[in-house]
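Participant:
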Amino acid sequence: MKILIVSDAWHPQVNGVVRTLEATAGFLQSMGHQVRIVGPVADRWFSFPAPSYPTIRLEFFARSRLSAIVDDYQPDFIHISTEGPLGWAMRNLCMKRKLPFTTSYHTRFPEYLEARAPLPLRRLVRIFAYAGLRRFHMPAAAVMVSTPSIEHELHKRKFRRIVRWSRGVDTDIFKPWGRDVAAYRDLPRPIMLYVGRVAVEKNLRAFLDLKQPGSRVVIGDGPDMEKLKAEYPNAHFLGAMAGEKLARHYAAADLFVFPSTTDTF
């Protein structure tokens, strides 16, 4: 089967959506499928930095490029991974050509936008954001979600054709042993670990403000890194990691803490 995946989140970005698509493409290819992932092209005329994230480029007016890709690749299956400008362009193209497609719900964008909106507008922003998401996902043959709680929440918000696409652990990399990590040796236990983007929507202060004994460790990077390092000198910020190095830090920690209210897994 020839599978086309369209996503506003793709290399050189580093985030959960990109990692999910990388892993998914790898497994699909190992099963004999052909997979092509289309992300934003940073050097196009209508490519702009995302608000608050200048390193993330959003590509607008991509419909002609996507149309040419569909004509050339002739996919058997189309999946739209994100609700950004590239995702909307692909959705509209599929609807015009009457091509079936599926979508994913990776991020709670209404809560994400609400966290960044001025206080008097937050409720209104959330209401309009959910209305926009319902419109985006309505024509999809299936809306893929990662957990039962998100499935239940979207059902309550009148989304339709929701199916669960759960996650797993790559046991070739992540193992429960190998707990000796030099960065942790002199830290008071328990070691509480956060892994992810260092940004306002991740609600990191709720984690860093914990009064429990032990050590708070942050792995990742993002726009709030320097500010939080200055505000919380007793926390340990280790920067971005991946692969076996990250796996060793997971195994060596005592607790995994993920305070975000905008993520779906």
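Quick note on this note's numbering: the sequence shown kicks off at 387 and runs consecutively. Beta carbons: idealized from backbone N, C-alpha and C, even for Gly.
Run the CB neighbour count on Trp-563, radius 10 Å, all protein chains shown included, and call it buried at 16 or more, exposed below.
Facilitator: By the 10 Å Cβ count, Trp-563 comes out exposed.
Participant: I need the DSSP call for His-635, collapsed to helix, strand or coil.
Facilitator: Looking at His-635 - three-state DSSP - the assignment turns out to be helix.
Participant: Does DSSP classify Leu-624 as helix, strand or coil?
Facilitator: Reduced to three states, the DSSP call for Leu-624 is strand.
Participant: Assuming Leu-390 is part of the beta strand (DSSP E), what are its boundary residues?
Facilitator: Residues 388-392.
Participant: Could you tell me which residues DSSP pairs with Pro-435 in its beta bridges?
Facilitator: Answer is Arg-443.
Participant: Going by alpha carbons, who is nearest to His-622 out of Asp-610, Ala-569 and Thr-489?
Facilitator: Looking at the Cα atoms, Ala-569 is the closest of the given residues.
Participant: From which residue to which residue does the alpha helix (DSSP H) around Gln-415 run?
Facilitator: Where Gln-415 is concerned, the enclosing alpha helix (DSSP H) stretches over 402-416.
Participant: With distances taken from CA atoms, which of Phe-593, Arg-508 and Ile-577 is nearest Val-584?
Facilitator: Ranking the options by Cα distance to Val-584, first place goes to Phe-593.
Participant: Going by CA-CA distance only, name the one from Ala-395, His-635, Arg-494 and Lys-484 that's closest to Ala-436.
Facilitator: Among Ala-395, His-635, Arg-494 and Lys-484, the Cα nearest to that of Ala-436 is on Ala-395.
Participant: Assign Val-586 to one of three DSSP states: helix, strand, or coil.
Facilitator: Of the three classes helix, strand and coil, the one that applies to Val-586 here is helix, per DSSP.
Participant: Can you tell me which of Gly-582, Arg-443 and Thr-410 puts its alpha carbon nearest to the alpha carbon of Pro-398?
Facilitator: Here the closest residue by C-alpha is Arg-443.
Participant: Examine the Cβ distances between the region 525-534 and the region 496-504 and report whether three or more of them are shorter than 8 Å.
Facilitator: Too few Cβ pairs lie closer than 8 Å, so no.
Participant: Going by DSSP in three states, Asp-649 sits in which element: helix, strand or coil?
Facilitator: Of the three classes helix, strand and coil, the one that applies to Asp-649 here is strand, per DSSP.
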